[in-house]
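Peer 1: Got a structure for you, questions after.
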Amino acid sequence: VYIGYGTGAGIVVDGMPMKGARGNAGELGLLPLPLCLPDSPGGVIDDQLSLHAIARMLHCPVAELTPEAIGTMHASRDSTLMHWMETATKTLRFLVAIIETAFDPETILLSGGFPESVLAALVERAYPLLPSLSASRDRELPRLTTATLLTDGPVIGGMTLPVFVNTKPDFRHLYIRQVGSDERPFDHR
Numbered sequence: 008v009y010i011g012y013g014t015g016a017g018i019v020v021d022g023m024p025m026k027g028a029r030g031n032a033g034e035l036g037l038l039p040l041p042l043c044l045p046d047s048p049g050g051v052i053d054d055q056l057s058l059h060a061i062a063r064m065l066h067c068p069v070a071e072l073t074p075e076a077i078g079t080m081h082a083s084r085d086s087t088l089m090h091w092m093e094t095a096t097k098t099l100r101f102l103v104a105i106i107e108t109a110f111d112p113e114t115i116l117l118s119g120g121f122p123e124s125v126l127a128a129l130v131e132r133a134y135p136l137l138p139s140l141s142a143s144r145d146r147e148l149p150r151l152t153t154a155t156l157l158t159d160g161p162v163i164g165g166m167t168l169p170v171f172v173n174t175k176p177d178f179r180h181l182y183i184r185q186v187g188s189d190e191r192p193f194d195h196r
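Numbering follows the numbering used here, in which position 5 of the sequence shown is assigned residue number 12; successive positions increment by one, without gaps.
This is the structure we're talking about:
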């Protein structure tokens with residue numbers, strides 16, 4: 008899950024990013040928030056879990072919300088940022104349950120335009136996560152954790168693909184599994 012101006016995800020299956028029928032797989036920020044959730048204002052996930060949501064609360068342009076600026080606000084326990092984190096973690100819990108139910112992932116990695124301290128705080132505040140099929144006791148990896156560039160670089164790259172697909176149509180080749188000349192998908196010799 009990548010939190011930036013909006014919220015998106017790269018869904019990687021067997022080492023290949025999934026694009027969906029129209030190239031929109033991973034646009035999780037557009038999922039509607041159910042009104043039945045406690046304190047749910049409705050709207051979509053992007054309305055609560057994004058840089059855009061913080062900017063709206065602070066009445067400032069998103070461009071001013073650099074990782075450094077957010078890190079400074081987090082270190083000083085800025086009340087607006089702390090309020091956003093409470094709202095964002097409720098939304099993150101819901102999103103994790105949706106992803107786990109729909110895709111049964113081994114783990115969910117959180118990354119985005121935030122300093123590590125803020126991402127770690129979001130993950131920590133999100134626990135306990137909502138019940139889901141992935142909430143088994145014999146897990147080897149946590150259900151939700153932060154992504155680190157050194158070990159999770161390929162996953163972070165995969166998470167950003169939906170953004171590139173919607174802004175650079177020539178990225179189609181990233182989604183196509185290359186078939187060698189001696190391999191034909193429907194060759195029935």
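C-beta: ideal position from N, C-alpha, C; glycine also.
1) How big is the Cα-Cα spacing for S124 and E131?
2) With a Cβ-Cβ cutoff of 8 Å, do T1 and T114 count as a contact?
3) I'd like the span of the beta strand (DSSP E) that includes T153, first residue to last.
4) Rounded to the nearest angstrom, how far is the Cβ of G13 from that of G49, given a contact under 8 Å?
5) Just checking, does the segment 81-88 make contact with the segment 100-118 on the three C-beta pairs under 8 Å criterion?
6) Can you say whether P135 is buried or exposed, counting buried as having 16 or more other CB atoms within 10 angstroms of its CB?
7) Out of G120, L65, G27, R29, state which residue places its alpha-carbon closest to the alpha-carbon of W91.
Peer 2: A quick look at the data gives this:
1) 10 Å
2) For residue 1 there is no data in the structure shown, the boundaries of the chain being 8 and 196.
3) 151-153
4) Actually they are not in contact, since the Cβ atoms of G13 and G49 sit about 17 Å apart, beyond 8 Å.
5) no
6) exposed
7) L65
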